[in-house]
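What follows is one structure encoded as structure tokens, with my remarks underneath.
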Amino acid sequence: MRSSSSRRRTPHTPHRRTAAVALAGVAALIAAAVQTGAATAAPQQAPSAAGQVLPGAESVRLSPAQRAELIRTANAGKADTAKELGLGAQEKLVVRDVLKDGDGTVHTRYERTYAGLPVLGGDLVVESTASDATAAVVKATRAKIAPATTAAAVPAAKAEAQALSAAKAEDAKSPDVNRAPRKVIWAASGTPTVAYETVVGGFQHDGTPQELHVITDATTGAKLYEWEAIETGTGNTVYSGTVNLTTTQSGSTYNLTDGARGNHKTYNLNRGTSGTGTLFSGPDDVWGNGSPSNLESAAADAHYGAQLTWDYYKNVHGRSGIRGDGVGAYSRVHYGNNYVNAFWSDSCFCMTYGDGSGNSNPLTSIDVAAHEMTHGLTSNTAGLNYSGESGGLNEATSDIFGSTVEFYANNSSDVGDYLIGEEININGNGTPLRYMDKPSKDGSSKDSWYSGIGSIDVHYSSGPANHFFYLLSEGSGTKTINGVTYNSPTSDGLPVTGIGRDKAEKIWFRALTTKFTSTTNYAGARTGTLAATGELYGTTSAEYTAVQNAWAAIAVGSRPGGGGGGGTVFENNTRVSIPDRGAAVTSSVTVSGRTGNAPSNLQVGVDIVHTYIGDLQVQLVAPDGSAYTLKAYGTGGSTDNINTTYTVNASSEAANGVWQLRVQDNASLDTGYINGWKLTFP
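Right, dumping it as structure tokens:
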């Protein structure tokens, strides 16, 4: 029997819209605060000519063999790398990913172990020059990996019971432990400590498979963290017209195997919820008829979406497959019964699609396919934890590249736009699932960052990052693109000029693959994208300024020259020491000359130098004594320094009077001071 690749056209009926360590060189200045957003220093590079990428700055396309050789080299030298980084005798590095720039710079991503135990939240990226000199390191945590003990004081059974209880609290169906508690070092949200990681299977409340990870302190039994590893997105069949698919012929039988793209395969689960299903095959090379009742139609859409996403990442970003190793994931369609969702799973390295309400609307659109495959990309690069602010950035990354793949497809039946799931009609009134130009239009997503955003669902905390990407690409205000009208506001009331989607997507991809880590938050994303922009276009370029402006427009950081967006500024730059595990200290500013109440978007710029911000509680105190928590104790993890702008709805407070920044250090060993702060009335 012989196999050959075949390209054919598939008839569809078109439908319209339904912490870091700086070792050497200026590059380390960029990397030094990717998790905190605290650093403002950056290498002074000239802007590129006419906005072009600086020569040699962009990552090159690696063949699977070239990538494998770089990984082999990194593995051979990982002991020396660990020693150079100053890691402890019991710490070892595990190579996870590698990229290489045109100028020879190599970015190697590592996991860590301690005394043979996996260190969760211990990942790091090492940037080395063409001469193999270490230039910079980005770490998920700056905390020293030196737990007091690796011995467990509580039995594993207690961790298992705790994990099952966490699943039941989320109304899980048939929860069961599918990965027994394993000992790890938990370093993602504080002082590294020995813990258990337990994984609970079964199904989530809506029928989505469950892979709930629960972290239990092995010395106290306290629950430290939890996250869901099955990463979901919602979509519907977008019948993309008649499209070319790459399939494989074996004898007289054709099947949905894409030999040109890592042997990606598309399977039929036929309403099942487990296993691989049956590979789509048939006697001819025509798949589907555009009707959801024909099971091949959804398969053709999923196959097409995977094909487009593979081509996008390879042709635009030089990455061959999700892992960069030339191996294709696979797709499963017709999952469950009336299942209105789609999801990515690392455990099967696959995308899975339900058929929607009444099994009549398969969730296999272009942007959904790209969204799900991008979850796989994120997992194999930055590994952004799917919870808190990092979870929102994870979800936004899938929305961002779901949108860019849709533009890349240039399909006349589903034109590119900054709407997510616009074909679904999941709301019953023809509106999209999410809007990137103004996320709050969906009724739940947030337009701008605020201190509590990490506590909401990741599909809604993704809003500010989606908004940032839109503003960076297209700018603020009203405009029409491909027949869709957008009107993007800014939190500070000032305009943003876009640099174009082509540049914005390069910046986000480079930040994701070389700057972000598992614990990156919004402040870290700002610093990471600025670092990426500086490397690509120079730190004095228009692109660099645009990234600063776009972040300030969603209340993350300041516009160039300071300030959270213009208006009247009241500030205090007198240093105030913060006692170690002591009483709260305050710094005051007196506001005068205002009329009426403070605004609903009062900007609070905070500059605090401290070696462990997780210890700090930071509050804004109004003239009448009302306190607004900007950063709660226990948040921020082991990163150091706070240099960001918070947005506070202070519309119930009189504007004039004495306002205070109140800071308290709630734990011992780390010290710092208030370097300054300011109030900006837009």
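If you're matching positions, the sequence shown starts at 481 in our numbering and goes up one per residue.
The beta-carbon is built from N, C-alpha and C at its ideal position, and this holds for glycine as well.
In the pairwise beta carbon analysis, the stretch 921–932 is classified as not touching the stretch 984–999: fewer than three pairs are separated by under 8 angstroms. Secondary structure at P672: coil, using DSSP grouped into helix, strand and coil. The C-alpha of D581 is placed about 11 angstroms away from the C-alpha of T994.
If you look at Y940, you'll find it in the alpha helix (DSSP H) that goes 938–941. P655 and N748 have their C-alpha atoms some 25 angstroms from each other. For A646, same chain residues with a beta-carbon under 6 angstroms away, outside a window of 5 residues either side, are V694, E706 in chain order. For A615, the enclosing beta strand (DSSP E) stretches over residues 614–619. Here R589 carries a strand assignment [DSSP, helix/strand/coil]. Assigned with DSSP and collapsed to three states, R552 falls in helix. Excluding sequence positions up to five before and after N774, its CB lies within less than 7 angstroms of the CB of G768, all in the same chain and listed in chain order. Ranking H783, T1115, S942 by CA distance to the CA of I1034 puts S942 first. With three or more CB-CB distances shorter than 8 angstroms, the stretch 581–596 counts as touching the stretch 607–618. Scanning its chain for C-beta atoms nearer than 6 angstroms, with the 5 sequence neighbours on each side dropped, one finds around V1036 the residues W929, Y1002, R1006, in chain order.
For the pair S840 and H797, the Cα-to-Cα distance works out to about 35 angstroms. Scanning R622, T614, D583, K648 for the CA closest to the CA of V599 turns up R622.
Contact between S1038 and G1085 holds: CB atoms are separated by about 6 angstroms, below the 8 angstroms threshold. Across the set I625, T861, N818, S539, the C-alpha of T861 shows the shortest separation from the C-alpha of V575. Judged by DSSP secondary structure, M853 falls within the alpha helix (DSSP H) whose first and last residues are 846–860.
Under a 10 Å Cβ-count criterion, E549 is classified as exposed, with fewer than 16 other Cβ atoms of the shown protein chains found around its own Cβ. Here S837 is near N818, since their CB atoms are less than 7 angstroms apart. Between N1136 and S1068, the C-beta spacing is not below 7 angstroms.
In this structure, Y734 sits away from Y888, with a CB-CB distance that is not shorter than 7 angstroms.
As a beta-bridge residue in DSSP terms, S825 pairs with C830. Excluding five sequence positions before and after N1052, the CB atoms of its chain that fall closer than 7 angstroms to its own CB belong to S1067, S1068, V1069, G1156, W1157, given in chain order.
The beta carbon of V1138 is closer than 6 angstroms to those of S1068, T1070, P1103 in its chain, skipping five residues each way along the sequence. When the alpha-carbon of G834 is set against those of A778, K794, A809, P1059, the nearest one is in A778. Annotation: the continuous beta strand (DSSP E) that includes Q1083 extends over 1082–1090. Look at D697 here: in three-state DSSP terms it is strand. About 18 angstroms separates the beta carbon of A1026 from that of I961, a gap too long to meet the 8 angstroms contact definition. Cβ atoms of A537 and E1015 come within 8 angstroms of each other, at about 5 angstroms.
Pairing G682 with R812, the inter-Cα distance amounts to about 18 angstroms.
In this structure, A554 and A620 do not form a Cβ contact; the two beta carbons are roughly 18 angstroms apart against a cut-off of 8 angstroms. For I1122, the secondary structure class from DSSP, reduced to helix, strand or coil, is strand.
One alpha carbon belongs to Q1144, the other to V1098, and they sit about 7 angstroms apart. The beta carbon of A945 sits closer than 6 angstroms to those of L873, A876, all from its chain and outside the five residues before and after it, given in chain order. Considering only T1054, L1082, R1061, T977, the residue with the shortest C-alpha distance to W1031 is T977.
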